[in-house]
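Some notes on the structure that comes next.
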Amino acid sequence: MLLNLCLLATTMYLIGLTYHSWPVRRQLGWEVVRLAVVAVACSLMVMNGVDFGAFHFDLRYVLVALVAIRYGMGAGLLVVLPAVILRFADSTQGGTVAVANSVSVVVLAQLIRPYFQFVNTGWRDLRLLPVPFLGLGLAMLAFPGGSDTYWFSALPMLALNTLGALLAVGVLRSRLHMLQTSHRLRVEAQTDSLTGLGNRRRFDMELLHLPVGASLALLDVDHFRQLNDQFGSGEGDRALRHIGQVLREAAPEHAYRISGQEFALVLSGPDVTVRVLVEDLLARVAVPTTLPWAQLTLSAGLAEWHAGESPADLLHRADEALYLAKVNGRARLVTAPARDPSAVSSPDQGAPAHEVRPRHSLWQAQRATVELLTQRRALTEEDWQGLLERAVRSVDGAEAGSLTVREGRDFRLSAQYGFEHQLVGTVFPEQDIMDWYGPNLDAWRQGVPRVLRGPAVFDTFVRANPDLLVNDPGSFRTIGRSEDIRSTLCVPVMLHGEVVAHLNLDSFSSEVAFTPQVAEEAKTFVQQLAALLQLQDRWRELDLLGQLHGELDADDEEVEARLTAVAVKLLRSSHAMLLRYDAAGDALEATVMQGRHLSIPHFSLPRGRGPNWRALTSGQVVRVANLLTEPDVRLPTGLGSGDAAMLALPLLSRTREPLGVLTLTRSVHRPYQDSDEHLASILSSVGARILERQSHVMDLRATLEASLTTLGVALEARDFETQGHTQRVTDLAALMGAGLALPDERLTALRHGAALHDIGKLCIPDAVLLKPGRLTPEEFQVIQQHSPVGAELAARMPHLHPEAHSVIRHHHERWDGAGYPDRLAGDDIPLLARIFALCDVYDALTSERPYKKAMDHTQAMDIILEGRGTQFDPRLTELFATLIGDHAQDSRSAPPLDVSAGFVRRGTA
């Protein structure tokens, strides 16, 4: 029977694969396939059933019942017929029982058929599944010995077939549920959430498959911005939903919301009928209401698609008609005339004069740009995407496009239209962008549009993207659709004499797209992009300067690297170098370099050499167009002759003391401008304050460290500790911390705790602390108080790292819990305290005291290893043995250092 269950599940899985879409529709060919699969499965189940004496059991009736419920009695009897024939071939008795069972199953299945909607069945309906199997086996009562077999097997047969039916329905339902979910997600992805109409994605898909003779109507809400300003965005959304309802009633499957307040209708039928429908729709929307806005009106542009015209051409003509409706009073419909085939110009000719007409989408794009310029925020990916979509819609012949924006020395693809979304975020080196434009780099630097056609598109694509094609050739070639593009227009976007972006527009259907006149029209969008990028630069500069200014509150030793990285981003530089002033050598020494090829083994500039010293002595930013023309200039290794435009930013303290110079370089073809110099002056001031504060913080740290060490040394003078104990245990603790790769913060805490680990002994009476003999139990209890008392004293010290307190309090705890003061055990003991305990004991063992001689390294390590797992953390002990062995071998002249285990000497620990 297990094999029957497997056959049943496999059959239902195969049947599920014959359903390809939702909602499920009956298709004769697939219905025949499903019935044939069931018939074969029934026969296989018979051949692999189980025999009980003269009777045979299998699960074929599960499939028969489901077929009868879905298709009726005839289909149920048809699929079981081969199995019945097999049973008759085996025995007449078996065949007779098979016929009776089959008839019983299909008849009883008809009783539940009206209540069991197979495709949309709910779980409550599944309780009806046992009904078709209630008559199974009754025919056995007519044969000798059948009575005993029937009463023995009736309930198991009913349960097994019901279980099989549940399994079969479950497998099929999972497939249908997946199709239903996929359909719902697909619909949601193509539906505007506000109006319930199709969205722009669905509109573009339908536009690609329009039949010749179809018409496209574009509709735009009149004075929508005033409506929003007067009544609020909530009422604006309500108005859009109202229009969406009217459009759904007019064209349920072919109405779309394609942008904020713009809609589209795709209609079929004679021109007159379509025009009447659109005019009626405009009239219905314009009916006065009691709603806050009182009356809405729409402007509409209508165009019919003619043979030989691309979808983009149809969209452009409808867009032109909509613009004319807007400029001629609104609340009206304008029909676009058919495009004259003779007016289509060749690639080498300018467009006829009557082709240069303003478009509604162009006007919309300009309005959207103005709105973005008035908003005090950084632009988002959605902003760039919207502008690119309007450019594709407005430029003749454009069916797709992409926008790449400069980020430092690279370019990032910020928006795409007509390609896969995975393209967004792809980073291209500047050289790849120049290779994509072509060999005439002078034209590129002047923002001259470039057009490629036919095979040249793919050849240039391959040459310009070698790294991406090598790393993932199939994927990048597919999502970039490089082999589908028939012509492409590239327009560099210029700002302050520098290429800051690329607008690429592509045609998949024509090699004659993008005439010189069209390329000039595309410059309208390039101007908008330049204005927006200038705005973006201002916000980016404010954001980066704000982040950098926040470093004034950061206690971070990496601040120099952060300053250099921000400078590269802020001034779109290729390389950067921070030179700090060395007073001892009266020279500028390189401390941080950033760039692809720079190396920093050693780079030093003596006083008076080159523009860096000019900047530092004058206190002014120095701008150099080409370093190679400057006298007495030394370039760091890896800085090529092409990266010779330079800015030198002086970094001076508030008292005009030299701190250093920040040097930025980029291509000589992108010289720094006046605006860059002004921004560099601001950066110079902020950077100087950061470095000045960093120097101050480092001085404070050094003072704190020295004070703590001095205090530790003072403690040595009071106890029997040997000279240098504090420094040695601090060094050992630092060695262990480095071996464990502890972060800088925890290494600082470990050093602080090591320096003050026995500060509590200040409160221990001399009679106890300096007693030469063995301590009594009472005296040892007094000694034990030095740990908690020391932690309390440390808590009153400002600027001491919080984790240092745990070292002071817990460095006498033991791994087995027998230590003090809190009898912590195992991992409950703070990590830094466990580390320091090893250092403390090792130094106590290897140092000479008045009451004992110093042990050598081997003897001390034997004792420490003996305490592994009892006194010390076993894992840390292994690491300590390795590190301290290497340390002792490297510097045996100075014995390892001492920890205040002074009282351990007396055998009381």
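Positions in the sequence shown are counted from 1; adding 333 to them yields the working numbering.
The beta-carbon is built from N, C-alpha and C at its ideal position, and this holds for glycine as well.
Here the structure is a predicted model, which means the values were calculated and not measured.
Around the Cβ of residue i, are there at least 16 other Cβ atoms within 10 angstroms (buried) or fewer (exposed)?
i, result
"F485", "exposed"
"K1186", "exposed"
"I1196", "exposed"
"R1061", "buried"
"P1207", "exposed"
"E1078", "exposed"
"L624", "exposed"
"M538", "exposed"
"H587", "buried"
"Q749", "buried"
"Q594", "buried"
"H1138", "buried"
"V689", "In this prediction, V689 scores a pLDDT of 35, lower than 50, which makes its location untrustworthy; the coordinate-derived value is nonetheless stated afterwards. Burial call: exposed."
"N337", "buried"
"T1063", "buried"
"P1004", "buried"
"D1007", "exposed"
Per DSSP, what are the beta-bridge partners of residue i in this structure?
i, result
"R745", "V738 and V760"
"Q927", "A909"
"L982", "L995"
"H389", "D384"
"D915", "A920"
"H835", "T737 and P825"
"P939", "A920"
"S1120", "None; S1120 has no bridge partner."
Once the 5 residues before and after residue i are set aside, which same chain residues still bring their CB inside 7 Å of it?
i, result
"V370", "T344, L347 and I348"
"P691", "Summary for P691: the model assigns pLDDT 47, below 50, so the residue's position carries little reliability; its value from the coordinates is reported in the next sentence. Cβ within range, chain order: Y656."
"A834", "L736, T737, V738, R739, V826, L862 and L866"
"L444", "V464"
"Q1117", "Y1153 and P1154"
"Y352", "R508, L509 and L512"
When you compare the CB positions of residue i and residue j, do they come within less than 8 Å of one another, or not?
i, j, result
"R663", "D555", "yes"
"H1090", "H1134", "no"
"D458", "F449", "yes"
"G1072", "L1216", "yes"
"R734", "D839", "In the sequence on display, residue 734 carries Gly and not Arg. For G734 and D839, yes; Cβs fall inside 8 Å."
"L904", "L980", "yes"
"A724", "L836", "yes"
"L629", "D553", "no"
"D743", "P762", "yes"
"R1142", "A1158", "no"
"L543", "P644", "yes"
"L551", "D613", "no"
"R608", "T668", "yes"
"G409", "A374", "no"
"A401", "A433", "no"
"A416", "S376", "yes"
Using only alpha-carbon positions, find the residue among the options that is nearest to residue i.
i, options, result
"G634", "A1127, S643, L615 and A1128", "L615"
"T1210", "G641, T1203 and L1198", "L1198"
"H908", "R895, G813 and G741", "G741"
"P1098", "A1087, L624, E1112 and S820", "E1112"
"M767", "H754, P1207 and H1002", "H1002"
"L828", "T811, G787, Q779 and S842", "Q779"
"A431", "L469, L462 and V400", "L469"
"L496", "V859, L509, Q513 and L462", "L462"
"L921", "T950, R895 and V899", "T950"
"L527", "G567, P415 and P1004", "G567"
"D1009", "Y770, K902 and R581", "K902"
"I1015", "L1075, V954 and A1074", "V954"
"V1122", "L1102, A855 and I1092", "I1092"
Report all residues from its chain with a CB closer than 6 Å to the CB of residue i; omit the five preceding and five following residues, and keep chain order.
i, result
"S312", "Past the boundaries of the shown model lies residue 312; the chain is included only from 334 to 1242, so the question cannot be answered."
"L575", "Reading the sequence as shown, one finds His at residue 575 and not Leu. Excluding residues within five positions, none has a Cβ falling inside 6 Å."
"V438", "Y394, V397, A398 and P465"
"F421", "G428"
"V790", "I818 and T821"
Just to confirm my understanding: we take residue i, look at its own chain, exclude 5 residues before and 5 after, and list those with CB closer than 8 Å. What are they?
i, result
"A640", "V545"
"D525", "G531, N532, G577, Y589 and R590"
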